Ligand SMILES: [Zn+2]
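Residue numbers (this note's numbering): 165 to 348.
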């Protein structure tokens, strides 16, 4: 096998494996399953990659490049769709992956972020609703206790989504403290 063929084979096999790893990361419920999924999808991806490499072996470079681009496109789409539709979904309010299929209420903070709830509470946008509920959910007696990303795993076993970002800041919570103090 010459150098050029090795590169083609490498591309056709390695890229699907990277995609498989990303897919496993986005849909596996925990770290152990990630490894299992990655191994499973990775094996499958290598087979497909090799299959396409083999069938386009005697084709022109441009046809092989197009096949490769299609593989990458399909993989990217799969990963994006899978990560958007995989459950449990992340709660916008608390950031825990605690929203199960068919139930909009968060299993951790019991908040529900929906158009319906927004209207019911009199907010003009979903972010207004999330902001207000975050002030409520993250309120602690002392500001030192506030950590938006801790615990990483809740007592109930819900995982914090590290990509989630709270809309409120510690300063906002401090303001709430001041207001409550003034009222007393
Ligand atoms: Zn929540």
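Idealized CB from N, CA, C, for every residue including glycine. All values derive from a computational prediction rather than experimental measurement.
Residues that DSSP places opposite residue i in a beta bridge
i: residue 269; result: 276
i: residue 260; result: 324
i: residue 241; result: Per DSSP, none; premise fails for residue 241.
i: residue 298; result: Paired residues: none, contrary to the question.
i: residue 254; result: 261
i: residue 317; result: 323
Closer than 7 Å: residue i CB and nearest ligand 1 heavy atom
i: residue 121; result: Nothing about residue 121 can be read from this structure; the chain reaches only from 165 to 348.
i: residue 273; result: yes
i: residue 296; result: no
i: residue 340; result: no
i: residue 262; result: yes
i: residue 257; result: yes
i: residue 270; result: yes
Assumed close pair residue i, residue j - CB separation to whole angstroms, cut-off 8 Å
i: residue 260; j: residue 272; result: 4 Å
i: residue 183; j: residue 245; result: Actually they do not touch by this definition, with Cβ atoms about 13 Å apart.
i: residue 240; j: residue 228; result: Actually they are not in contact, since the Cβ atoms of residue 240 and residue 228 sit about 19 Å apart, beyond 8 Å.
i: residue 290; j: residue 277; result: 6 Å
i: residue 337; j: residue 303; result: 6 Å
Closest by C-alpha distance to residue i, when choosing among the options
i: residue 307; options: 283, 293, 280 and 342; result: 342
i: residue 180; options: 210, 227, 263 and 168; result: 210
i: residue 318; options: 177, 304 and 262; result: 262
i: residue 206; options: 186, 191, 218 and 196; result: 186
i: residue 176; options: 281, 208 and 232; result: 232
i: residue 190; options: 292, 258, 170 and 247; result: 247
i: residue 265; options: 238, 226, 249 and 280; result: 249
i: residue 299; options: 188, 178 and 333; result: 333
i: residue 335; options: 235, 312, 280 and 282; result: 312
Minimum Cβ-Cβ distance from residue i to chain D less than 8 Å
i: residue 333; result: The question asks about chain D, but that chain is absent: this structure has only one protein chain.
Inspect the CB distances between the segment 251 to 261 and the segment 323 to 330 and report whether three or more fall short of 8 Å. As far as the Cβ criterion goes, the segment 251 to 261 touches the segment 323 to 330, which means the pair count is three or higher.
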